[in-house]
Amino acid sequence: MSHPYDQPIRDITDYIYNHEITDPEAYTAARIALLDALGCAIETFSKSHAARQLLGPIIPGTTVPHGFKVPGTAYQLDPVKGTFDLGVLTRYLDHNDALGGAEWGHPSDNIPALLTITDHLSRTSTSTTTSPPTPTPTPTAPPTIHTLLTTLIKSYEIQGHYQLHNAFNTHNIDHTILTKLSSTALVSYLLGHTPQTTQSLLSHVWMDGHPSRLYRSRDTTVPRKGWAAGDASSRAVQLCLLGSRAAEAMGGVPDALSARGNGFWGRFPEGFRFPESGMGSETVKRVMFKVMPVEGHGIAAVEGAVVQAGRMRGLGVGVEEVDVVEVRTTWAAGHIISRPGRGRGRLEGPAERDHCLEFVVAVALVKGGVLVVEDYGDEGGWVENPVVEELRGRIVVRVDEGLTSDYLDPAKRSIGAGVLVRLKGGRVLEEVLVEFPVGHARNSRTRDEVRRKFVRNMRLMFAEEEIERVLRLVEVDELRVCEFVDLFARGGENDTAGGGGERARL
1 MSHPYDQPIR DITDYIYNHE ITDPEAYTAA RIALLDALGC AIETFSKSHA
51 ARQLLGPIIP GTTVPHGFKV PGTAYQLDPV KGTFDLGVLT RYLDHNDALG
101 GAEWGHPSDN IPALLTITDH LSRTSTSTTT SPPTPTPTPT APPTIHTLLT
151 TLIKSYEIQG HYQLHNAFNT HNIDHTILTK LSSTALVSYL LGHTPQTTQS
201 LLSHVWMDGH PSRLYRSRDT TVPRKGWAAG DASSRAVQLC LLGSRAAEAM
251 GGVPDALSAR GNGFWGRFPE GFRFPESGMG SETVKRVMFK VMPVEGHGIA
301 AVEGAVVQAG RMRGLGVGVE EVDVVEVRTT WAAGHIISRP GRGRGRLEGP
351 AERDHCLEFV VAVALVKGGV LVVEDYGDEG GWVENPVVEE LRGRIVVRVD
401 EGLTSDYLDP AKRSIGAGVL VRLKGGRVLE EVLVEFPVGH ARNSRTRDEV
451 RRKFVRNMRL MFAEEEIERV LRLVEVDELR VCEFVDLFAR GGENDTAGGG
501 GERARL
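The sequence shown begins at 1 in full-length UniProt numbering and counts up one residue at a time.
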């Protein structure tokens, strides 16, 4: 097939091969994003038995020379499974960064693929053991922290631009399609592929059958939502590694998007608005970091509920005196995480609870504070708690056009919610409106809180001096990626939470 690839595919390759990142602030933001994602990985390994079950070689006992050392574990895996495992750890507890737009997604879902491949290239390039030849990475050999951060910035930018105007969820396509797209583009670049090979691999992304978002939907939320990103990013790595060794077999389709009838666009006649130009380095600077493990659209409502809980304490009013809680929020929140409580029954598992706006608001009101990971478990004390369940049934979620417009406005990008409490007897506690919750790029407390979150998560498995070393070395642009990854390795294969070394005091 000799005709050019579809323009959006060419635009991506032009950006990743020809656009230079020069903004120091983008690199600062990228370092924060990298540390936040790795902190989330450590937290997940420490706290989630379900996530740990997904880790390790498919065939127990398999070892991979010079393999990727999965952070927080003793596993040393091939790049595909290593990417999957880190993708699970980064995403499973819904505590990693997020980005809004017509579609909601998590740009840090790309980090596992980028970290695994840059580690693989830096590790194999320094090995003295004879191994099959590998392509020379385009940026540097071996890749450094600067290489990793540059590709991180670009992966965020690709995903961010596609999310801005395209609501894949309205077509029952999971947002992890963009993880696969962005990761494939940058991993192909890192492996030293030509732009033409990268275009071919991107066409395979569009030809793949894309996951239904059924596992994220209102009545069918299941734990797969926690490993879907790892699945997508590991597929990206698989495609790119196949492109390195089987170029003929991996030939692409130039009109994978536009082919009449069977192209991606043809299968969705509603159409998509793919970015034509303008990709730079802004997206990484405006992601939302989650300082609490709540689905991003619900964070502002939780903050508002905590304020209202404080007011109620000050008035000597208990939650049993609440008649109605009115939550005014965006269309995205109403569509994605509103699960009306009255008469609905039990929320099955943490995956459904952290995606229930009514549940997180009810717990915040009763608890008087923000939620932590343990609050979603059966042992957390809130599941089937009669007070929480009664209050959940009294929460009314209303989509507000103004908040939705501000959420979609590129000049504002708020993620607001208002919480109003009506008490029995007619008294009203006026609405608490939160437009830029902690974690939002426009909240002045965000960066300090994200750093605290990273340290708090790392303390689950690492000593203070180890944490300080990570914070110091992530600033060293020339550091080989494999040396950075080594900082997160732990001891025995059967280590679980806190078992990998001296545990620092909390």
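For every residue, glycine included, the Cβ atom is placed at its ideal position computed from N, Cα and C.
Bear in mind the structure is a predicted one, so any value in this text is a computation, not a measurement.
Check: Starting from the Cα of V232, find the closest Cα among G243, I173, E483 and give me that residue.; Outcome: Checking the displayed sequence, the identity of residue 232 turns out to be Ala instead of Val. Nearest of G243, I173, E483 to A232, Cα basis: I173.
Check: Which residue from I415, E431, G380, S414 puts its Cα closest to that of R422?; Outcome: E431
Check: Quick check: the region 169-185 against the region 287-299, are there 3 or more CB pairs under 8 Å?; Outcome: no
Check: Spatial neighbours of T198 within its chain, please: CB distance less than 6 Å, with the 5 preceding and 5 following residues excluded, ordered by chain position.; Outcome: T13, S188
Check: Taking only the alpha-carbon atoms, compute the straight-line gap between P137 and A364 and give it to the nearest angstrom.; Outcome: Residue placement at P137 cannot be trusted, given a pLDDT of 39 that sits under 50; what the coordinates show is reported in the next sentence. Answer to the nearest angstrom: the Cα atoms are 48 Å apart.
Check: Leaving out five residues before and five after A102 in sequence, what residues of the same chain have Cβ atoms less than 6 Å from its Cβ?; Outcome: H165, N166, A167
Check: To the nearest angstrom, how far is it from the Cα of T330 to the Cα of H161?; Outcome: 20 Å
Check: How many Å lie between E465 and V474 at the Cα?; Outcome: 14 Å
Check: With A417 and V438 assumed to form a contact (beta carbons below 8 Å), what rounded beta-carbon distance in angstroms separates them?; Outcome: Going by Cβ atoms, the distance from A417 to V438 rounds to 13 Å, so no, they are not a contact pair.
Check: What's the gap between the Cα of L460 and the Cα of V373?; Outcome: 13 Å
Check: By a C-beta neighbour count over all protein chains shown, 10 Å radius and 16 as the cutoff for buried, is L38 buried or exposed?; Outcome: buried
Check: Do T147 and V481 count as a contact pair if the criterion is CB distance below 9 Å?; Outcome: yes
Check: Let me know if S338 comes out buried or exposed under the rule of 16 or more other beta-carbons within 10 Å of its beta-carbon.; Outcome: buried
Check: Alpha carbon to alpha carbon, what distance is there between L190 and L121?; Outcome: 9 Å
Check: Which residue marks the beginning of the beta strand (DSSP E) containing D36, and which one marks its end?; Outcome: Element bounds for D36: not the beta strand (DSSP E) but the alpha helix (DSSP H), 24-47.
Check: How is T330 classed by DSSP in three states: helix, strand or coil?; Outcome: coil
Check: Which residues mark the beginning and the end of the alpha helix (DSSP H) in which A301 is found?; Outcome: 299-315
Check: Report the three-state DSSP secondary structure of M207 (helix, strand or coil).; Outcome: helix
Check: Going by C-alpha to C-alpha distance, which of H335, V325, E157 sits closest to Q308?; Outcome: V325
Check: Pull up the DSSP beta-bridge partners for G105, would you.; Outcome: L99
Check: Which same chain residues end up closer than 6 Å to Y17 when comparing Cβ atoms and leaving out the 5 residues on each side of it in sequence?; Outcome: P195
Check: What does a CB cutoff of less than 7 Å around S48 pick up in its chain, not counting 5 residues either side in sequence?; Outcome: Y92, L93
Check: Are L89 and Q159 close, meaning C-beta to C-beta below 9 Å?; Outcome: no
Check: Considering only their Cβ atoms, is the gap separating R245 from D208 smaller than 9 Å?; Outcome: no
Check: Note down, one range per segment and in chain order, each alpha helix (DSSP H) of at least 4 residues found wholly within the region 314-398.; Outcome: 331-336, 350-353, 357-367, 386-392
Check: In or out: P132 buried (at least 16 other Cβ within 10 Å) or exposed?; Outcome: In this prediction, P132 scores a pLDDT of 35, lower than 50, which makes its location untrustworthy; the coordinate-derived value is nonetheless stated afterwards. Exposed, by the Cβ-count rule.
Check: Put K69 into one of helix, strand or coil per three-state DSSP.; Outcome: strand
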